[in-house]
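Below: one structure, written as structure tokens.
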Amino acid sequence: MTKSSTDLPSVKTSLIEVTDKLSNPPCRIFFKNEYLQPSGSFKLRGIGYMLEQKIKEAKKLNKSKVIVFSSSGGNAGLAAAYAAKYYNVECTVVLPTVSTQLTINKLNELGANVIVHGDHWGEADEYLREIVMKSIDEKNDYPVYCHPFDDDLIWKGHSKIVTEIIEENQLPNLDNVKGIVCSAGGGGMYNGLVEGLKSLKENDIPILVMETLQAPTFHETIEQNKLITLKSLKTLASSLGSPYLSSKAFENYKSHPTYLGLIDDLDALKGTIDLYDKFDILTEPACGASISTVFDKKDLLIKNFKNLKKDDIIIIIVCGGSSANEGTLDFYRKLIKDQ
Ligand SMILES: Cc1ncc(COP(=O)(O)O)c(C=O)c1O
3 MTKSSTDLPS VKTSLIEVTD KLSNPPCRIF FKNEYLQPSG SFKLRGIGYM LEQKIKEAKK
63 LNKSKVIVFS SSGGNAGLAA AYAAKYYNVE CTVVLPTVST QLTINKLNEL GANVIVHGDH
123 WGEADEYLRE IVMKSIDEKN DYPVYCHPFD DDLIWKGHSK IVTEIIEENQ LPNLDNVKGI
183 VCSAGGGGMY NGLVEGLKSL KENDIPILVM ETLQAPTFHE TIEQNKLITL KSLKTLASSL
243 GSPYLSSKAF ENYKSHPTYL GLIDDLDALK GTIDLYDKFD ILTEPACGAS ISTVFDKKDL
303 LIKNFKNLKK DDIIIIIVCG GSSANEGTLD FYRKLIKDQ
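Residues in the sequence shown are numbered from 3 upward in steps of one, following this note's numbering.
As structure tokens, this is what we get:
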């Protein structure tokens, strides 16, 4: 791992036009390739930026040791462990007993300390905050708790996904961009995109937020017009399985043009398979949910972004995700076939 000139663990990602590779797209389609982040997903943008800022804070406070804490066995945990390794600081991840050995191995390979505790994420997270984080040396240690999506530094880090398009001249301007498509769990990526668009004074570019019927957190929040906690969450798009939405996403929804797209889990799996078969890009169903809008769920682009012309541009955030492999894809293929 080498430090880039920006001194962030995340990397700049490509913006690639894929229009010619798609069948009958409603307009020009570009992929913003966040799956290329070294931890496997966009999560490294926000968590990497947050850690960079916290390390600066710790220096100012004369704290000699920064320790990263996470309770995510998913892409946020991997991003936290990767970022900690990049900055050469300690990382402890508490995972519930249901976690797989594969997840534990991946985190160990990145140098993280893994503690297994609790029957589910809530218990692991509580143990992390109430026991593990309280056992630090208060004089010298500087603990950094990495929430998977709910922190303004994380949104700031994610906002680069959009601002980089202009900073790196990936497009001369966003004049023809008629929409951006992203997936949502707790809404962290969405918040980052809104922040990025705001900073470019592009407050009119709408965002289509994709979720599955089995994890409809954003939809339910808007439907009930208040922050809610979903009681049951059983989704194959596991990285979208957040029981609650960040309050910032609820706020952003009210001020930024946003459409919500709801598809079945199986459609998200199909998006993942199509992306792999046609582009050789391996991601999770969390990403497949957004990708489905350029394949079987194209009607969502047409319906929401209205009056699309051939020269208009839609950007799909290919957010990535590390839990898929060829074995899981075979399993998804079977589920789709048997439906
Ligand atoms: C690959 C992937 N896509 C999308 C999401 C949803 O992100 P957010 O929780 O910021 O809405 C996640 C969250 O873990 C993820 O891992």
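Using N, Cα and C, we set each Cβ at its ideal position, and we do this for glycine too.
No experiment lies behind these values; they were computed from the predicted model shown.
Nearest candidate by alpha-carbon position, reference residue i, set the options
i: T219; options: N227, K203, P245 and L210; result: P245
i: K203; options: V134, T165 and A82; result: T165
i: K65; options: D153, P145 and E111; result: P145
i: D139; options: I163, G323, K256 and I69; result: I69
i: D152; options: L277, D332, R131 and M52; result: M52
i: V158; options: K311, K312 and L10; result: Val is not the amino acid found at residue 158; the sequence shown has Lys there. Minimum Cα distance to K158 is reached at L10.
i: K300; options: D22, V13, S12 and C29; result: C29
i: N1; options: V179, T105, S241 and L109; result: For residue 1 there is no data in the structure shown, the boundaries of the chain being 3 and 341.
i: G79; options: V116, L63 and K67; result: V116
i: G189; options: E170, I207, E253 and I168; result: E253
i: S201; options: N77, K236, L97 and E169; result: E169
i: I207; options: A81, T260, T105 and L173; result: T260
i: P85; options: S294, S12 and D298; result: One detail in the question is off: residue 85 reads as Ala in this sequence, not Pro. The residue with the shortest Cα to Cα distance from A85 is S12.
i: E36; options: D314, A288 and L109; result: A288
i: K250; options: L155, L331, T237 and N327; result: L155
i: S294; options: D313, D314, A270 and K311; result: A270
i: P174; options: I338, I315, K336 and L303; result: I315
i: P98; options: K233, G124, K108 and D276; result: G124
i: I338; options: A60, I304, K272 and S324; result: K272
i: L247; options: L229, K256, S257 and I133; result: L229
Neighbour-count burial assignment, residue i, 16 or more Cβ in a 10 Å radius
i: E197; result: buried
i: N26; result: exposed
i: S6; result: Residue placement at S6 is poorly supported in this model, since its pLDDT is 46, which falls under 50; the coordinates still yield a value, given next. Looking at its Cβ environment, which holds fewer than 16 other Cβ atoms inside 10 Å, S6 is exposed.
i: D177; result: exposed
i: D340; result: exposed
i: H160; result: buried
i: L112; result: buried
i: T4; result: In this prediction, T4 has a pLDDT of 43, which is less than 50 and means its spatial position is unreliable; nothing more can be read from the coordinates.
i: T94; result: buried
i: Q103; result: exposed
i: E54; result: buried
i: V100; result: exposed
i: H122; result: exposed
i: N193; result: buried
i: N306; result: buried
i: I163; result: buried
i: D127; result: buried
C-beta neighbour in chain D for residue i, strict 8 Å
i: R131; result: Absent here is chain D; the protein component of the structure consists of one chain.
Distance between beta carbons of residue j and residue i, contact taken as under 8 Å
i: I57; j: Y89; result: 6 Å
i: V211; j: L24; result: 21 Å between Cβ atoms; not a contact.
i: A291; j: E225; result: The Cβ separation is near 18 Å, so there is no contact.
i: I31; j: I318; result: 7 Å
i: Y334; j: T274; result: 6 Å
i: G42; j: G322; result: 5 Å
i: K34; j: V320; result: 6 Å
i: N77; j: S241; result: 6 Å
Check: residue i C-beta below 7 Å from any heavy atom of ligand 3
i: N205; result: Ligands in the displayed structure: ligand 1; ligand 3 is not one of them.
Discussion item. Contact between the segment 278 to 285 and the segment 176 to 186 is defined here as three or more beta-carbon pairs at a separation below 8 Å; is this criterion met?
Written reply: no
Worksheet item: Is there contact between the segment 253 to 264 and the segment 9 to 18, where contact requires at least three CB pairs shorter than 8 Å?
Response: no
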